[in-house]
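Position one of the first sequence corresponds to residue 8 (our numbering), numbered consecutively onward. A virtual CB, placed ideally from N, CA and C, is assigned to each residue, including glycine. Report on the structure given below.
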Amino acid sequence: MPELPEVETIASTLRGERGGPGLPGRVIQRAHLLWPRTLAEPAPAEFAARIAGQPVRQVGRRAKYLVFQLEPDWLLLHLRMSGDLRLEPASAPLQPHDRLCLELDGSLRLAFNDARKFGRAWLLADPQAVLCRLGPEPLAEDFTPAGLHHKLMQTRRQLKPLLLDQTFIAGLGNIYTDEALHMAGLHPLRRADSLSTSEAETLWHAIRSVLADGIRRNGASIDWVYRGGDFQNHFRVYQRTGQPCPVCGAAVVRTVVGQRGTHYCPQCQKTGS
DNA sequence: CACGAGACCTGTTCGC
DNA sequence: TGCGAACAGGTCTCGT
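Written out as structure tokens, the structure reads:
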């Protein structure tokens with residue numbers, strides 16, 4: 008579910024920057040693993056023994072991963088399609104799809120809820136063991152128009168699947184990819200190596216703009232998954248099949264590209280050239 | 001290398 | 001009303 012802006016929103020909430028209590032400085036007392044497969048690494052017994060007593064030093068984000076710097080280990084969480092986190096009083100009732108709970112001092116609980124069970128947790132001495140495969144962070148300074156253009160020139164792949172590939176660029180998901188391509192006026196099936204320098208720069212700008220907008224609106228809330236965001240009310244094309252394109256008024260089209268629903272404006276996003 | 005299909009999962013919505 | 005199909009924010013693996 009969450010893409011970069013939703014994960015960023017959750018990370019800042021857990022840092023205590025949005026009103027509630029924060030995690031940094033608290034000590035993990037105990038772990039409850041309710042669905043074993045949620046834990047990618049290490050084995051459940053070692054996880055429980057190792058994480059108990061470790062303090063949370065900082066909460067960050069890399070692409071769609073939540074990164075918890077403990078002492079001495081690191082905890083990584085990936086929410087995948089339906090994951091969500093709650094920081095709540097330890098006395099609050101557990102919810103139907105809670106998969107992993109961490110009890111913290113101050114009578115708090117961090118609950119990892121995940122209806123579809125795709126989410127994963129890792130406890131690692133070195134987070135790079137998992138994060139090292141990720142491509143550039145799109146909002147970081149080292150992600151540049153020239154760098155993007157250079158990478159685009161090295162592949163003949165279609166833009167939509169390419170932007171979803173986390174080794175090419177890390178953090179975009181189905182929503183923000185469709186939104187960025189629409190803002191850039193690029194067709195989802197355009198070949199990467201066919202973009203001009205200025206088209207690559209336009210795409211670079213669209214990616215950053217759409218992600219920054221998502222963060223500014225606290226992410227997107229759709230259906231029963233994830234709450235609190237407002238960005239779903241500002242979609243240009245995503246889940247707006249048949250509705251007018253905000254730029255030209257043509258009806259938004261939905262197709263399937265790489266087995267993912269794909270929304271675009273047939274007028275603003277032409278295949279050719 | 002690039003692509004498609006299938007797997008992993010449950011819940012909601014849509015069409016008949 | 002009921003029931004099956006389609007669909008959902010992600011990623012991995014396998015076969016071609």
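| Asked | Found |
| --- | --- |
| Closest by C-alpha distance to D237, when choosing among R243, G226 and R247 | G226 |
| Beta strand (DSSP E) segment containing P96, residue limits | G90 to P96 |
| Reduced DSSP secondary structure (H/G/I, E/B, other) of V259 | coil |
| Cβ separation of V74 and P31, assumed to be a contact under 8 Å, to the nearest whole Å | Actually they do not touch by this definition, with Cβ atoms about 12 Å apart. |
| Residues near Q276 in its chain [Cβ-Cβ closer than 8 Å; skip 5 each side] | L188, H189, G192, L193, H194 and P195 |
| CB contact flag (V244, D185, <7 Å) | yes |
| D172 versus L179 - alpha carbon distance | 8 Å |
| CA-to-CA distance, R64 to T20, given in whole angstroms | 15 Å |
| Among L131, I214 and L94, nearest to L170 - alpha-carbon criterion | I214 |
| Bounding residues of the beta strand (DSSP E) (the contiguous stretch that carries A118) | L115 to D121 |
| Alpha-carbon spacing of D80 relative to L130, whole angstroms | 7 Å |
| Cβ pair count under 8 Å reaching 3, the stretch 88 to 102 against the stretch 143 to 159 | no |
| Same chain, Cβ closer than 7 Å to A70, five either side skipped, listed in chain order | L11, L141, E144, Q173, A177 and G178 |
| Reduced DSSP secondary structure (H/G/I, E/B, other) of S280 | With a pLDDT of 45 at S280, under the threshold of 50, the modelled position of that residue is not reliable, and no figure is offered here. |
| Cutoff 8 Å; reference I35; Cβ partners in own chain excluding five residues on either side | I58, A59, G60, Q61, P62, V63, L77, L109, E110 and L111 |
| Residue of A199, S228, H270 and P9 minimising C-alpha distance to G90 | P9 |
| Three-state secondary structure (DSSP) of V14 | helix |
| C-beta contact flag for R197 and L218 at 7 Å | no |
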